[in-house]
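Sequential numbering from -11 applies to the sequence shown in our numbering.
Heads up, the beta-carbon is just placed ideally off N, CA and C, and yes, glycines get one too.
These notes concern the structure reproduced below.
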Amino acid sequence: MNADIKQKLMIALGWFFVILGIIGALLPVMPTTVFLIIALGLFSKSSPRFHQMLLNNKFVGKDLKQWEQNKTMSRSSKKKSTFIIFLSFGISIAILHGRIGLQLMLLSIASVLLIIIWKVKES
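What follows is the structure, given as structure tokens:
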């Protein structure tokens, strides 16, 4: 594959994952951080400018730098993530009052997310 086409494809995929990360910040079922880590990896191989843009972002830059350097999360990030998961999934489960199947599905997803977050090494 032509190097120029490969680079443009990786940049496009990086932006696709950034957009998914933004959507994930608004929806409780989509993982924001995972999508941003994928975008960071794509940008690191295709666009130093966009790579630095993510690393310098005031909302997620610190956590992405930490992940890129050590593959770890801070305890405070884990606590914030846990709070957001409890809040967003709790609201979603309350809204779905009486729909036990959907409530159990959301509870399962939240449980898996929490297990994954708390298994990541701490800095």
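When the options are compared against residue i, the one with the closest alpha-carbon
i, options, result
"Lys67", "Lys107, Asn45, Ala(-9) and Lys(-6)", "Lys107"
"Ile104", "Ser111, Thr70 and Gln91", "Thr70"
"Gly78", "Gly86, Phe38 and Gln91", "Gln91"
"Phe47", "Ser65, Ser35 and Asn58", "Ser65"
"Ile(-7)", "Leu14, Ser35, Thr20 and Pro19", "Ser35"
Residue interval of the alpha helix (DSSP H) (run including residue i)
i, result
"Asn58", "Gly49 to Asn58"
"Arg37", "Pro36 to Leu43"
"Gly12", "Ala(-9) to Leu14"
Sequence-distant residues of the same chain with beta carbon closer than 7 Å to residue i, five excluded per side
i, result
"Ala27", "Gly2, Phe5, Val6, Gly9 and Leu42"
"Glu56", "Leu28"
Residues bridged to residue i (per DSSP)
i, result
"Lys61", "With the sequence shown as reference, residue 61 is identified as Met, and Lys is not the correct amino acid for it. In DSSP, Met61 forms a bridge with Glu110."
Other residues of its chain near residue i: CB distance less than 8 Å, five sequence neighbours each side excluded
i, result
"Thr60", "Gln54, Val108, Lys109, Glu110 and Ser111"
"Asn(-10)", "none"
"Phe23", "Phe5, Val6, Leu8, Gly9 and Gly12"
"Asn45", "Leu52"
"His39", "Leu28, Phe31 and Ser32"
Same chain only: Cβ atoms within 6 Å of residue i, ignoring 5 sequence neighbours per side
i, result
"Leu101", "Ile73"
"Gly49", "Leu43"
Check: Between the stretch -8 to 6 and the stretch 31 to 47, are three or more C-beta pairs nearer than 8 Å?
Finding: yes
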